[in-house]
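Data first, discussion second: the structure below is written as structure tokens.
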Amino acid sequence: MEHDVRTQHQPDRTATLGVAYAVAAFASWGVLPLYWKQLEGYPALVLLAYRFAASALFMAAYLSAARGWGSVRSSLRNRRVAGGLFLASLLIAVNWGVYIWAVENGHVLDASLGYYINPLVSVALATLFLGETLTRPQTYGIALAAVGVLLMAVEAHVAPWVSLLLALSFGFYGLIKKVLRADARASIFLETVYLTPVALVYLAWFGPSAAPGTGADVFWLMGAGVVTALPLLWFSEAARRIPLTWIGFIQYLAPTLKFFLGVFVFHEPLGPGRLVGFVLVWMAIAVFAWGSRASEVAEE
Numbered sequence: 001m002e003h004d005v006r007t008q009h010q011p012d013r014t015a016t017l018g019v020a021y022a023v024a025a026f027a028s029w030g031v032l033p034l035y036w037k038q039l040e041g042y043p044a045l046v047l048l049a050y051r052f053a054a055s056a057l058f059m060a061a062y063l064s065a066a067r068g069w070g071s072v073r074s075s076l077r078n079r080r081v082a083g084g085l086f087l088a089s090l091l092i093a094v095n096w097g098v099y100i101w102a103v104e105n106g107h108v109l110d111a112s113l114g115y116y117i118n119p120l121v122s123v124a125l126a127t128l129f130l131g132e133t134l135t136r137p138q139t140y141g142i143a144l145a146a147v148g149v150l151l152m153a154v155e156a157h158v159a160p161w162v163s164l165l166l167a168l169s170f171g172f173y174g175l176i177k178k179v180l181r182a183d184a185r186a187s188i189f190l191e192t193v194y195l196t197p198v199a200l201v202y203l204a205w206f207g208p209s210a211a212p213g214t215g216a217d218v219f220w221l222m223g224a225g226v227v228t229a230l231p232l233l234w235f236s237e238a239a240r241r242i243p244l245t246w247i248g249f250i251q252y253l254a255p256t257l258k259f260f261l262g263v264f265v266f267h268e269p270l271g272p273g274r275l276v277g278f279v280l281v282w283m284a285i286a287v288f289a290w291g292s293r294a295s296e297v298a299e300e
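Reading the sequence shown from the start, the letters are residues 1 to 300 in the UniProt record's numbering.
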């Protein structure tokens, strides 16, 4: 009887831990603008270079502690996986670079929008490249989001390229990761280590202006590896324990936190057109989520 009770509660503990990992990952991504603001005096490319180098160093230490180098060797022996992860590395470089630039130049709200529409972009890409089908509500959701983005472009008289670049780069990154299905730890390490030599050459070329100015700067720059890799590892742990539908709901925590930071902490302007655009995107997410859930219930 005691054994039955323990067995019964095991799935509950697994799900609870999975939710905790997911919340930790997306909350970390949501407040990350506060971290990059500590390094506001550095050019975005310098911070990107430090982020790659520090992340590779952290993941090397993690793999050594977890004895996970076998998965790295397996990934490198598979030419398809190794090549795919190199392409993923380039895409994540674009994503990280644009994101850091956005935080440093007062575009946190644009970054928030990019991560709001990213799930919609991901589904659209899966439809185009993987042959997955959209339900009617999902189609309406993507169309609503497109109208919202268009409204923001009309008000600003320029395309919201920060939002679009973030959503598209991460969307294609996710598409590659889905096709490859590589080991999470190995992929995070290889994606960062591929471009680390380029990052180190860039930092050496940049010279004294890339060097940390204070002891506090050393802490923040080296910590970039931790704040980059840990949420990715937490996300991988969450994905193993809870359904993707749960993750799909929790993921909106990150852009929501960014939105509140942009408005209430960094005091970025939120004009009428921009606000209406955000409302349309929020409506699109609600319609999209409802359509996804209805489709799952029908399949059951």
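Heads up, the beta-carbon is just placed ideally off N, CA and C, and yes, glycines get one too.
Source: prediction; values computed, not measured.
In the structure shown, Val-158 adopts coil according to DSSP, grouped into three states.
Contact holds between the region 74–88 and the region 173–190, because three or more Cβ pairs, one in each stretch, are under 8 angstroms apart. Every alpha helix (DSSP H) of 4 residues or more that sits fully in the UniProt domain "EamA" (17–153) is shown, in chain order, as 44–66, 69–77, 79–104 and 108–130.
Contact between the region 47–67 and the region 220–228 is established, with three or more Cβ pairs separated by less than 8 angstroms. Within its own chain, the residues whose Cβ lies closer than 6 angstroms to the Cβ of Tyr-202, once the five positions on either side in sequence are excluded, are Ala-49, listed in chain order.
Pairing Leu-195 with Ser-89 gives a Cβ-Cβ distance under 8 angstroms. Where Ala-210 is concerned, there is no enclosing alpha helix (DSSP H), because DSSP gives it neither an H nor an E.
Residue burial annotation: Thr-16 is exposed, with fewer than 16 other C-beta atoms found within 10 angstroms of its C-beta.
Separation of the CB atoms of Leu-91 and Phe-26 is rounded to 20 angstroms, and the pair is thereby denied contact status at 8 angstroms.
Segment contact: the region 107–123 against the region 260–274, three or more CB-CB distances shorter than 8 angstroms; contact assigned.
Cβ-Cβ distances below 8 angstroms link Leu-253 to Val-23, Phe-26, Ala-27 and Gly-30 in the same chain, with the five nearest sequence neighbours on each side left out; the list follows chain order. DSSP, reduced to helix, strand and coil, places Glu-191 within a helical segment of the structure shown. With a beta-carbon spacing of about 16 angstroms, Val-46 and Phe-219 fall beyond the 8 angstroms limit used to define contacts. Here Pro-119 is actually not in contact with Val-287; their C-beta atoms are around 12 angstroms apart, not less than 8 angstroms.
Exclusion of the five residues before and after Leu-280 leaves Leu-144, Val-147 and Gly-148 as the residues of its chain whose Cβ lies within less than 6 angstroms of its Cβ. Non-local beta-carbon contacts of Ile-100 in its own chain, meaning distances under 7 angstroms to residues more than five positions away in sequence, involve Trp-36, Ala-44, Leu-47 and Leu-48 in chain order. Following the DSSP letters along the chain, one finds Phe-264 in no alpha helix (DSSP H), marked with neither H nor E. Listed in chain order, the non-local C-beta contacts of Ile-142 below 8 angstroms within the same chain comprise Leu-120, Val-123, Ala-124, Leu-134, Ala-284 and Phe-288, local neighbours out to five positions each way being set aside. As the crow flies, the alpha-carbon of Leu-175 is around 11 angstroms from that of Leu-128. For the 8 angstroms CB-CB criterion, Met-59 and Thr-256 do not form a contact. Each residue's CA atom was taken as its position, placing Glu-104 and Phe-278 some 22 angstroms apart. Under the three-state reduction of DSSP output, Gly-271 falls in the coil class, being neither helix nor strand.
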